[in-house]
Amino acid sequence: MKKWVVGMALVVCGCGGNNLVGTWKGSVSGWDVTLNVKDQVSSTIVAMTGTISTNKTACFNNAPLSGTLAETTVDFGAVGSGSESSTTVIQIDGEYDGDKITGFFEATSVTDACDVARTPVTLTRQ
0 MKKWVVGMAL VVCGCGGNNL VGTWKGSVSG WDVTLNVKDQ VSSTIVAMTG TISTNKTACF
60 NNAPLSGTLA ETTVDFGAVG SGSESSTTVI QIDGEYDGDK ITGFFEATSV TDACDVARTP
120 VTLTRQ
């Protein structure tokens, strides 16, 4: 009975396993990217929400972030705007390992100067 209660407690509280809630930072191609993962809902595929911000305010200010985690594979996406771009899409995907996400960053925009081809990036937990 005690094992069942502990197992249920882990499921209910979301304790244990992969937890990406927190602040993650990385730099790529002149972009400083900050992910603030605020919420993580566990199921077969873990869903996450939060915000993403960059130092490229002409391309992308703060915007809502959504993401998924399946085993160790993480995928984040956001659509935002900046002072010179009405729409910029940021995509980050890679592998999660404790306090590090190693993967790729891509920005696609209606403004060519804001485009960043798929480029390797490492994000670290702050």
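Here numbering that gives the first Met the number 0 is used: the first residue of the sequence shown is 0, the next is one more, and so on.
Heads up, the beta-carbon is just placed ideally off N, CA and C, and yes, glycines get one too.
Residue environment: Q125 is assigned as exposed (fewer than 16 neighbouring CB atoms within 10 Å of its CB, all protein chains considered). Pairing Q39 with V27 gives a Cβ-Cβ distance that is not under 9 Å. About 5 Å separates the beta carbons of L34 and I51, which is inside the 8 Å limit, making them a contact pair. Assignment of beta-bridge partners to V40 by DSSP yields A46. Per DSSP, the unbroken beta strand (DSSP E) holding V115 starts and ends at V115 to R124. The region 57-67 and the region 76-93 touch, with three or more beta-carbon pairs separated by less than 8 Å. Of the candidates V88, V73 and F104, the residue whose Cα lies closest to the Cα of V45 is V73. Membership of E83 in any beta strand (DSSP E) is not indicated, and neither H nor E is assigned to it by DSSP. Counting along the chain, D96 sits inside the beta strand (DSSP E) bounded by residues T87 to D96.
Cβ-Cβ distances below 8 Å link C113 to K55, A57, C58, F59, G81, E83, S84, T87 and A106 in the same chain, with the five nearest sequence neighbours on each side left out; the list follows chain order. About 17 Å separates the beta carbon of T118 from that of K99, a gap too long to meet the 8 Å contact definition.
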